[in-house]
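In my numbering, the protein residues as written are 145 to 516. Each residue gets a CB set at the ideal place from its N, CA and C atoms; glycine is no exception.
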Ligand SMILES: Nc1ncnc2c1ncn2[C@@H]1O[C@H](COP(=O)(O)OP(=O)(O)O)[C@@H](O)[C@H]1O
Ligand SMILES: [Mg+2]
C-alpha cells in the first residue's frame, strides 16, 4: 500500500563533496539511494561537486559522476533555523524547494565526516544521520583521537605528532626524534585524512624523509607511528546512548599494507566475515569499540578498526570512522548483515537514530535565566 506522500519523511541524501573521497562517496550513495524505501521516504538526492556547489535534479548522481552539472539545480541549506529546508538558488534568488525531516550525509573525509557539515546542520536545527560536531571532528583527527583513547585506557599504537613547520625547519631533527622512539618499519600519516592518502610505510631512513615530505602535503599535523605486523580487524557500531557492536570482520589487503591502491584500485582486497580470530579477542574488541564510540561522543554509526599483532596477539585500536564506506558490499553494512541486520533495515535504524538524537537535543534548555 502506498503511504500518502504527506506522511513520508523527507530525506536529503548528500554525496560527493570537497574531499579526496568524493568518488568513494558517490559509490556509497549509489547503494543508499537504490535501497531507501520510497514508500516510507521522500528522497531528495543532493550532490556536492568537487568545488563545493550543491545540486539536485534528475539523475543528479549520474550527472555528478560524469562531471556534468548543466541541467541541475543549485540548492543550499541555510544556517537559520527559521528558514528550514532545502532552498533552490536561481539567478541569486532563494526559493524553498522542500522542507526536510532528515539529512543523510553519505560523505567521507573532509567537509563531510569531520564535523564541518555537522556544524551547519546543527545551526540549521536539522536532524541528521551520524555523529555530531565533536564525535566527527575527533574521529577525523588521528592525533587527538589517540590521546583520548589513551586517557580511557584503550590500547593504541605508540605515536608522536609533528608539525609541518617542524619538518620544514629541520627534517633531520624530526627523523632523529622518530628513530629514538621507534625501530623500522615506521608509518607516517597526515592526522586528518582517510583512504590511506599520504600514508607511507618506511623501512629505512631515506623512506622516512620521503614519507614526511609526502604527508606534510596533506596536513599541517603529521603522525609518526611504530609499525605493527598487523592483521586488520574491523567492528561496526550502531546506536546512540546505548550502542551495539557487530561481529568482527577481517580485511585481507592485496598489498603490503592497506594502501589507497589496495583499497580502491586493485579490487582484490578481501573481507573475511566473521574474522577468524579467537572469540575472547573479538569480544574484547567489541567492548573497546563501544567504549571508544562513547568516549568521543559518537552517534548513529561508526566503524572501529583494530590492528592485531601477528607476532604476539596483542591488539590496538587504530582508528574510528564516523561515516564509513557504505556501499552494499562495504565492511560496515556487511558486518551488520552478518549480525542479522540487513542493509535496508540498517538504513531505517540509522534514520530512526537521527530522529531520536534530534529529540534528545531538543530537550536541552538553550536559555538560562536565574530566578530572582
Ligand atoms: N602503525 C601501523 N602499523 C601497521 N600498519 C599501519 C599502521 N598505520 C597504518 N597502517 C596501514 O595503513 C592503512 C591506513 O592507515 P589508517 O591509519 O587506517 O588511515 P586511513 O584513515 O587512511 O585508513 C592501515 O589500514 C594499515 O594497513
Ligand atoms: Mg583506516
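Proximity of residue i and residue j at Cβ, strictly below 8 Å
i, j, result
"residue 430", "residue 377", "no"
"residue 335", "residue 356", "no"
"residue 247", "residue 265", "yes"
"residue 166", "residue 194", "yes"
"residue 443", "residue 507", "no"
"residue 329", "residue 279", "no"
"residue 292", "residue 440", "yes"
"residue 268", "residue 223", "yes"
"residue 159", "residue 273", "no"
"residue 470", "residue 204", "no"
"residue 156", "residue 230", "yes"
"residue 161", "residue 263", "no"
"residue 360", "residue 294", "no"
"residue 199", "residue 219", "yes"
"residue 407", "residue 472", "no"
"residue 394", "residue 424", "no"
CA-to-CA distance, residue j to residue i, given in whole angstroms
i, j, result
"residue 483", "residue 464", "20 Å"
"residue 414", "residue 225", "45 Å"
"residue 191", "residue 206", "10 Å"
"residue 301", "residue 460", "6 Å"
"residue 467", "residue 253", "8 Å"
"residue 315", "residue 352", "10 Å"
"residue 399", "residue 228", "47 Å"
"residue 181", "residue 364", "42 Å"
"residue 96", "residue 342", "In the structure as shown, the chain begins at 145 and stops at 516. Residue 96 is therefore absent and cannot be evaluated."
"residue 210", "residue 243", "28 Å"
"residue 447", "residue 344", "22 Å"
"residue 505", "residue 277", "13 Å"
"residue 179", "residue 285", "31 Å"
"residue 324", "residue 288", "22 Å"
"residue 326", "residue 512", "51 Å"
"residue 417", "residue 213", "39 Å"
"residue 458", "residue 452", "6 Å"
"residue 433", "residue 390", "10 Å"
"residue 296", "residue 236", "50 Å"
"residue 362", "residue 487", "34 Å"
"residue 422", "residue 491", "30 Å"
"residue 322", "residue 303", "9 Å"
"residue 350", "residue 397", "25 Å"
"residue 428", "residue 435", "11 Å"
"residue 514", "residue 333", "49 Å"
"residue 499", "residue 313", "49 Å"
Cβ-based neighbour list, residue i, same chain, cut-off 7 Å, excluding 5 preceding and 5 following
i, result
"residue 386", "none"
"residue 306", "318, 366 and 368"
"residue 147", "The predicted position of residue 147 is uncertain, since its pLDDT is 48 and thus under 50; a value taken from the coordinates is nonetheless stated next. 183 and 184, listed in sequence order."
"residue 154", "186, 188, 242, 243, 244 and 245"
"residue 494", "273, 444 and 445"
"residue 347", "328 and 329"
Residues near residue i by beta carbon distance below 6 Å, same chain, minus five either side
i, result
"residue 426", "392"
"residue 382", "388 and 445"
"residue 449", "378, 462 and 463"
"residue 152", "185 and 186"
"residue 239", "232"
"residue 497", "384 and 444"
"residue 311", "318, 356 and 360"
Contact test: residue i Cβ vs ligand 1 heavy atom, cutoff 7 Å
i, result
"residue 371", "yes"
"residue 356", "no"
"residue 376", "yes"
"residue 286", "yes"
"residue 333", "yes"
"residue 306", "no"
"residue 177", "no"
"residue 387", "no"
"residue 339", "yes"
"residue 468", "no"
"residue 289", "no"
"residue 517", "In the structure as shown, the chain begins at 145 and stops at 516. Residue 517 is therefore absent and cannot be evaluated."
"residue 476", "no"
"residue 326", "no"
"residue 219", "no"
"residue 402", "yes"
"residue 397", "yes"
"residue 343", "yes"
"residue 301", "yes"
"residue 451", "yes"
Residues near residue i in its chain [Cβ-Cβ closer than 8 Å; skip 5 each side]
i, result
"residue 201", "207, 215, 216 and 217"
"residue 454", "373, 374 and 375"
"residue 197", "213 and 218"
Heavy atom of ligand 4 within 7 Å of residue i beta-carbon
i, result
"residue 487", "Questions concerning ligand 4 fall outside what the structure shown contains, since the ligands it does hold are ligand 1 and ligand 2."
Practice task
Mind listing which residues have their beta carbon within less than 6 Å of any non-hydrogen atom of ligand 2? Chain order is fine.
Solution key: The set, ordered by position in the chain, is 449 and 463.
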